[in-house]
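Encoded as structure tokens, the structure appears first; notes follow it.
Number of protein chains: 2
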Amino acid sequence: MISEAEAVVMEVLWRSAPRSAEEILAEVGRAQQWQEGTVKSLLNRLLKKKAVKAERDGRRYLYSPLLPREKYVHQSSKSLLDRLFGGRVAPLVAHFSEQRKLTKKDIAELRQLLEELDDEQP
Amino acid sequence: MISEAEAVVMEVLWRSAPRSAEEILAEVGRAQQWQEGTVKSLLNRLLKKKAVKAERDGRRYLYSPLLPREKYVHQSSKSLLDRLFGGRVAPLVAHFSEQRKLTKKDIAELRQLLEELDDEQP
DNA sequence: GCTCATCGATTACACATGTAAACATGATGT
DNA sequence: ACATCATGTTTACATGTGTAATCGATGAGC
Numbered sequence: 004m005i006s007e008a009e010a011v012v013m014e015v016l017w018r019s020a021p022r023s024a025e026e027i028l029a030e031v032g033r034a035q036q037w038q039e040g041t042v043k044s045l046l047n048r049l050l051k052k053k054a055v056k057a058e059r060d061g062r063r064y065l066y067s068p069l070l071p072r073e074k075y076v077h078q079s080s081k082s083l084l085d086r087l088f089g090g091r092v093a094p095l096v097a098h099f100s101e102q103r104k105l106t107k108k109d110i111a112e113l114r115q116l117l118e119e120l121d122d123e124q125p
Numbered sequence: 004m005i006s007e008a009e010a011v012v013m014e015v016l017w018r019s020a021p022r023s024a025e026e027i028l029a030e031v032g033r034a035q036q037w038q039e040g041t042v043k044s045l046l047n048r049l050l051k052k053k054a055v056k057a058e059r060d061g062r063r064y065l066y067s068p069l070l071p072r073e074k075y076v077h078q079s080s081k082s083l084l085d086r087l088f089g090g091r092v093a094p095l096v097a098h099f100s101e102q103r104k105l106t107k108k109d110i111a112e113l114r115q116l117l118e119e120l121d122d123e124q125p
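First to last, the sequence lines map onto chains R and A. Using our numbering, the final residue of the first sequence is 125, and nothing's skipped along the way. Using our numbering, the final residue of the second sequence is 125, and nothing's skipped along the way.
The following block contains the structure:
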């Protein structure tokens, strides 16, 4: 699958695409301390993995995601959930609850969510 | 940190410890197709990482976890949550909800959980 | 005491990953 | 047309990981 460093590049493209390597570097170079070559390498690996595509734009390429963020998020979350929580969501939430890591906002949103589920499935 | 293959060994020890390498192999060997040497290597890496300890028992060693499962679970979950959901729990649950991956049991438990939170914080 | 079976420790090796330098090539200014 | 610059491609290299074979020590049976 796609690695953590690669995912950083993907996040940039998911926010907005197509983008040139230079633009990607500009956006990510600050947070990560990456050189140009690093971003180029990552882009090439992503191309090889068919996670992004590149279209020529004059001298350079513009990159766009092929792998949808939704899919990546789902794969990652499901894998974690399966490995650590027997594939079930409630135990995960319970875990964060025990760690007091639920914000008031989380709680409000969860409540909201559950209500909506009620409405949907009468 | 501790890798996925290593975590498989840890799970065995978290279920019950101390255990000999042989016992660990017996328990994981079926599911994973691991040879003896593989388990030994993983145990050694875990020792080096201070994730387990070993106490002599005659000719062999008995291994026990040093890293608590709670800690491992928390690190892994938090890292995923931060990277993919802005560090917040509700969006993760929403994600699974959209994917229709909330079981009835999940929903019931979440509801329960929220009620308990109400009681706790008056 | 010598030999063999058992364990753990060491070493191996291919592939992934993070990080980047070196190289190639085509566009550009002069 | 030529040198230079900007871009992408190839190669590099250390470290981590999955998977194991081999080496070495140590206790057990003869």
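Here a beta-carbon is modelled for each residue, glycine too, at the ideal position from N, C-alpha and C.
Using a Cβ cut-off of 7 Å, pull out every chain A residue sitting near R:E112, in sequence order please. A93
Spell out the partners DSSP gives A:E58 in its beta bridges. A:L65
Applying the 10 Å Cβ sphere with the 16-neighbour rule, what's the burial state of R:A93? buried
Mind checking R:P68: buried by the 16 CB within 10 Å criterion, or exposed? buried
Here's a check: name, in chain order, each residue in its chain whose Cβ is nearer than 8 Å to the Cβ of A:Q78, leaving out the five neighbours to either side. M4
What does a CB cutoff of less than 7 Å around A:F99 pick up in its chain, not counting 5 residues either side in sequence? L105
Out of curiosity, what's the CA-to-CA distance linking R:L28 and R:L65? 13 Å
Distance, R:P71 Cα to A:A34 Cα: 32 Å
Helix, strand or coil for R:R33 per DSSP? coil
Three-way DSSP call (helix, strand, coil) for A:S19 in this model: coil
When burial is assigned at 16 or more other CB atoms within 10 Å of the CB, is A:A24 buried or exposed? buried
For chain R, is any of its Cβ atoms less than 7 Å away from the one on A:L105? yes
At which residues does the alpha helix (DSSP H) containing A:T106 begin and terminate? Counting along the chain, A:T106 falls outside any alpha helix (DSSP H), and DSSP gives it neither H nor E.
Closest Cα partner of R:E118 within the set A:K51, A:D122, A:I110: A:I110
Using the C-alpha atoms, what's the distance from A:L116 back to R:A97? 7 Å
Do R:L50 and R:V12 have their beta-carbon atoms positioned less than 7 Å apart in this structure? no
Roughly how many angstroms separate the alpha carbons of A:K53 and R:L120, rounded to a whole number? 45 Å
Contact set for A:V31: own chain, Cβ-Cβ below 8 Å, skip 5 residues either direction: V11, V12, V15, W37, V42
For A:P94, name the three-state secondary structure that DSSP assigns. helix
What separation, rounded to the nearest whole angstrom, lies between the Cα atoms of A:E58 and A:P21? 9 Å
I want to see whether chain A comes within less than 7 Å of R:V76, judged by CB atoms only; does it? yes
Indicate whether R:V76 and A:L87 have their beta-carbon atoms separated by less than 7 Å. yes
With DSSP as the reference, label R:G40 as helix, strand or coil. helix
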